[in-house]
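>
Number of protein chains: 2
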Amino acid sequence: MILEELRRVDSHPSADELYLMVRRRLPRISLGTIYRNLDILTEAGEIRRIDSGSTLKRFDGTTAPHHHIRCVRCDRIADAHIEVKIDIDERIQRLTGFRILGHHVEFLGLCPRCHTQPAAQPSLAPEIPTAPVTRT
Amino acid sequence: MILEELRRVDSHPSADELYLMVRRRLPRISLGTIYRNLDILTEAGEIRRIDSGSTLKRFDGTTAPHHHIRCVRCDRIADAHIEVKIDIDERIQRLTGFRILGHHVEFLGLCPRCHTQPAAQPSLAPEIPTAPVTRT
DNA sequence: TTGAATGCAAAGTATTTGCAGTTTG
DNA sequence: CAAACTGCAAATACTTTGCATTCAA
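Listed in order, the protein sequences are those of chains H and L. Note that the numbering used here numbers the first sequence so that position 65 is 96, with each residue one more than the last. Note that the numbering used here numbers the second sequence so that position 113 is 144, with each residue one more than the last.
1) Cutting at 7 Å between CB atoms, please list the residues of its own chain near D106/L, excluding the five before and the five after it.
2) Which residues, in order along the region 118-136 of chain H, keep a beta-carbon less than 8 Å from a beta-carbon of chain L?
3) Which same chain residues end up closer than 8 Å to K88/H when comparing Cβ atoms and leaving out the 5 residues on each side of it in sequence?
4) Would you say L139/H reaches chain L, if we count a Cβ-Cβ gap shorter than 9 Å as a contact?
5) Give a yes or no on whether the minimum CB-CB distance between S42/H and chain L is below 9 Å.
6) Let me check one thing: in DSSP terms, what residues is L137/H bridge-paired to?
7) Cutting at 8 Å between CB atoms, please list the residues of its own chain near T94/H, excluding the five before and the five after it.
8) Beta-carbon within less than 7 Å of H43/H's beta-carbon, same chain only, minus the 5 sequence neighbours each way: which residues are those?
9) Using alpha carbons as the reference points, say which of C102/L, L126/L and A111/L lies closest to R144/L.
10) May I ask which residues mark the beginning and end of the beta strand (DSSP E) holding I81/L?
11) Could you give the residue range of the beta strand (DSSP E) that holds D91/H?
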C-alpha cells in the first residue's frame, strides 16, 4: 500500500509525508514501518531514494531513468524528463579508479512558486548553484 | 583556519571530520563553530556543500566547477574532473516551469577500496581524510 | 505454529540553536 | 564599548532499532 501511494503521486514525498498519505488508508501504521518498507522497496529496485538537498530524503515511485530538478529555496523536487547524453563513464573510471555504476544529473533552480514569491522564506537555501553551465 | 584545513586536503570531509582536523590546531574549538563557519563559507561561495549519499553532508574546498563520484558502498566522494556537456537547461526550464540556475552530475560507483574488498563491512571507519582516494 | 512483519517507544546520527561569556575593532 | 564570535549544552529533525505482539501461511 505504501508502494501504491507512492506511485499514485508524481511528487517526491519524504518518509513523513508518505506516512501521512498512507495513514489515511491504514490509520494504525507506524512511521517505523514506513521506513522499513521504503528500505525494502528501494533495495528491491521498486522505487528510488533521492539523496539530495536537505538531510531529509525523498522517494520516487518511478524507477525509469530520468533526472531531477530541485528548488534551491524550498527543496521541492520535480522530474526532468529529458534525455541527457553522457558517455564518458569509462573515462571517469580510468581517471578516478572507481568502478562506475551509473550517473544522475541534478538540475538546480527555483520552482515556479518560489520564483514568483521574491520574499525571503524562513531559511533561504544557503546553497550556491554548484553546476558549471557548459554549453555545446 | 577551517577553510585552510578544508583547502589542504582533496578529500571531502564531513563537518565532524573537519572538526577533528581543525582541533589538532585549535584544541578548544567546538563543533557548533565548525558548523556555523561552514555555513558562512558556503554562503560566501568559498566552499561547496555536497548533499548526497547518507544524511551526512560533506564539504568541498574547491569551488571550481567539477562533478563528483560517490561510492555507493562507503559513501566516499572523489572529484570527477571531466567536462560534461549539457545544453538543455532552457528546455528543462520550459518543461518544468523552474528557473534553472545550474546543474551537477553525480556519478555512482565503487571506490577502489570497496571494489577490491568484496565482503561487506559493518561500518567503514570514518577515517580522517588525509589520504586522497584518487587524484586527477 | 512459526517466521515474518508491525506498533511503539527509545535510541541514534547529524545538525542547529540559545545563551552567557569572550574576543575584536 | 558594541558587535560579532565562541563554547557548551540542550534542542531539533530525521532515521533506525529492540522488543513484545500480531499476522499469515
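Every residue gets a Cβ at the ideal spot worked out from N, C-alpha and C, and that includes glycine. Here the structure is a predicted model, which means the values were calculated and not measured.
Quick look at the numbers:
1) G84 and S85
2) I119, D120, R122, I123, Q124, L126, T127, G128, F129, R130, I131, L132, G133, H134, H135 and V136
3) S45, A46, R80, I81 and D82
4) yes
5) no
6) Sequence check: residue 137/H is Glu here, not Leu. According to DSSP, which records beta bridges pairwise, E137/H is partnered with H99/H and H135/L.
7) G76, E77, I78 and R79
8) I81, R89, F90, D91 and I108
9) C102/L
10) R79 to I81
11) R89 to D91
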